[in-house]
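Some notes on the structure that comes next.
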Amino acid sequence: MNFDDNIDRRGTHCSKWDMMEPLYGLSSDDALPMWVADMDFRPPAAVQEALERMLRHGIYGYFGDERAYREAICWWMANRHGWQLDPATIFTTHGLVNGTALCVDTWTEPGDAVAVMTPVYHAFARVVRAAGREVRELPLVLEDGRYRMDFDGWNDRMTGREKMLILCSPHNPGGRVWTLEELRGVADFAARHNLILVSDEIHQDLVFPGQRHIPMTIAAPEAVERLVMMTASTKTFNIAGAHIGNVIIADEKLKNAFARRHLALGISPNSFGMHMVTAAYSPEGAAWLDGLVRYLDNNRKAFDAGIATIPGLRSMPLEATYLAWVDGSGAGLSSQEFIMRVEKDARIATNHGHTFGLGGDGFLRFNFACSRAMIDEAVTRLKSVFSDLQ
Ligand SMILES: Cc1ncc(COP(=O)(O)O)c(C=O)c1O
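Numbers 0 to 389, taken from numbering that gives the first Met the number 0, label the letters of the sequence shown in order.
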């Protein structure tokens with residue numbers, strides 16, 4: 000796979016390029032889309048071939064017999080993450096935002112609160128609020144340029160109305176791969192406050208060399224009675240449009256409760272997603288992923304090196320994800336001015352820090368899962384629009 004290919008995605012109804020104009024007022028003729036978390040790369044050939052087989056056959060009826068699909072997931076988790084799981088514990092949802100919403104629906108009531116560690120992936124708060132639940136923001140502490148957890152501080156923020164804690168592991172944004180000690184701390188915290196612990200591990204495969212992601216179920220097996228694992232192939236293989244994800248629940252009581260909501264809402268998988276996931280979670284997919292991570296690592300280094308030349312800007316050292324988290328607060332500009340320079344002057348669409356909750360203001364999130372040529376262009380533009388800071 001050549002990740003350097005510049006694939007023109009404009010006019011294909013893709014959110015990343017085609018929604019830039021309506022959302023940011025930026026034309027895709029010359030602006031750079033570095034916002035929503037999808038990549039400008041084709042998935043592994045095995046995924047394309049699975050779709051081609053479907054196309055050649057030309058019949059798109061209901062999917063049946065999930066054994067190969069479930070086995071592929073189990074194979075991947077065992078091989079890539081040392082996690083042996085029972086295929087009967089997997090629920091298929093329409094992605095993990097849907098999975099999160101289903102968890103909120105299953106284990107909380109309107110008026111309850113759901114805790115999240117901010118700044119964090121914005122859709123958590125979006126679905127929690129839309130469901131009439133309160134968001135309890137537990138701010139991460141910025142220490143030596145990276146995030147750490149603050150269990151003592153968080154204890155004081157809890158009101159007793161919290162029923163659930165959503166963990167993002169690895170973390171988006173900020174790219175932390177949580178350590179065993181941190182994960183065990185989260186499990187203790189959830190137990191202390193009697194919370195259902197939902198561990199969103201969608202970024203589990205996008206981990207840079209030298210780091211190791213530990214699934215929460217391995218870090219804290221004793222948390223099983225409150226633990227809901229969520230994983231997906233969609234971020235890993237750039238197939239988010241397939242809208243498919245896994246909610247994995249080992250505890251019988253939790254599993255039954257979730258199964259009732261899943262059934263009540265009539266959720267069933269789409270065949271395109273099932274075929275794509277089965278093909279992706281394979282040795283071919285694994286080899287492709289290793290190449291991808293090497294490519295992303297080089298993009299990350301090039302992007303960070305560029306940011307490091309701009310006084311006052313700081314890119315958080317990432318352990319995982321392809322989402323650079325850039326702090327502009329040292330540049331002596333207001334967060335609005337920081338946004339304006341990047342958006343209107345450099346013509347780069349990013350995600351605005353404040354949308355990630357407490358602690359996010361002043362940051363911008365840049366998606367660097369694009370060709371290296373685009374990274375170089377972004378760096379050139381950023382250096383130019385901030386040249387007065389030199
Ligand atoms: C932590 C996290 N969870 C979930 C999602 C989206 O999941 P899905 O596309 O499966 O709904 C994202 C996308 O960026 C994410 O970062």
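For every residue, glycine included, the Cβ atom is placed at its ideal position computed from N, Cα and C.
Y68 sits in a helix when the DSSP states are folded into three classes. DSSP places F2 outside any beta strand (DSSP E), giving it a letter other than H or E. Here D199 is bridged, per DSSP, to C167, M229. Secondary structure at E108: coil, using DSSP grouped into helix, strand and coil. For I238, the three-state secondary structure derived from DSSP is coil.
When distances are taken from the beta-carbon of I247 to the heavy atoms of ligand 1, even the shortest one reaches 7 Å or more. Closest option to T107, judged by alpha-carbon separation, among V96, V134, Q83: V134. According to the DSSP assignment, I306 belongs to the alpha helix (DSSP H) that extends over 282 to 307.
Judged by beta-carbon spacing, S198 lies within the 8 Å limit of M215, meaning their Cβ atoms are closer than that value. In the three-state reduction of the DSSP assignment, H351 falls in the strand class, which pools E and B.
Between the stretch 37 to 45 and the stretch 166 to 174, the count of C-beta pairs closer than 8 Å stays below three; the two stretches do not touch.
For M19, the three-state secondary structure derived from DSSP is helix. For R160, the secondary structure class from DSSP, reduced to helix, strand or coil, is coil. When the five nearest sequence neighbours on each side are left out, the beta carbons in the same chain lying within less than 6 Å of the beta carbon of A71 are those of T277, Y280, in order along the chain.
The shortest C-alpha to C-alpha distance from V96 to any of M76, A122, A114, L253 is the one to A122. Exclusion of the five residues before and after A345 leaves R380, L381, V384 as the residues of its chain whose Cβ lies within less than 6 Å of its Cβ. Just so you know, the alpha carbons of L196 and F337 end up roughly 36 Å apart. Secondary structure of W34 (DSSP, three-state): coil. Under the DSSP assignment, G272 falls in the alpha helix (DSSP H) whose first and last residues are 270 to 279. Take G311, set aside five residues on each side of it, and the residues of its chain with a beta-carbon closer than 6 Å to its own are G329, A330, L388, in chain order.
Judged by DSSP in its simplified three-state form, R132 adopts coil rather than helix or strand.
For S26, same chain residues with a beta-carbon under 8 Å away, outside a window of 5 residues either side, are M19, E20 in chain order. Cβ-Cβ distances below 8 Å link N297 to R371 in the same chain, with the five nearest sequence neighbours on each side left out; the list follows chain order. Distance check between R225 and each of M116, H170, C102, I58 places C102 closest, using alpha-carbon atoms only.
Contact between A100 and V126 holds, since their C-beta atoms are separated by about 4 Å, short of 8 Å. In the three-state reduction of the DSSP assignment, A114 falls in the strand class. Rounded to the nearest whole angstrom, the C-alpha separation of M315 and H274 is 37 Å. Using a cutoff of 7 Å, the CB of C73 does not count as near ligand 1, since none of the ligand's heavy atoms is closer than that. For D326, the beta-bridge partners assigned by DSSP are R313, F362. Under the DSSP assignment, I89 falls outside any alpha helix (DSSP H), being part of the beta strand (DSSP E) whose first and last residues are 89 to 92.
Checking the 7 Å criterion, the Cβ of A231 is within range of a heavy atom belonging to ligand 1. In the DSSP assignment, R41 falls outside any beta strand (DSSP E), carrying neither H nor E. Annotation for I247: the continuous beta strand (DSSP E) segment containing it runs 244 to 247. Taking 8 Å as the cut-off, the beta carbon of R293 is found no closer than this to the beta carbon of F367. Taken through DSSP and simplified to helix, strand or coil, V103 comes out as helix.
Not one heavy atom of ligand 1 sits closer than 7 Å to the Cβ of I266.
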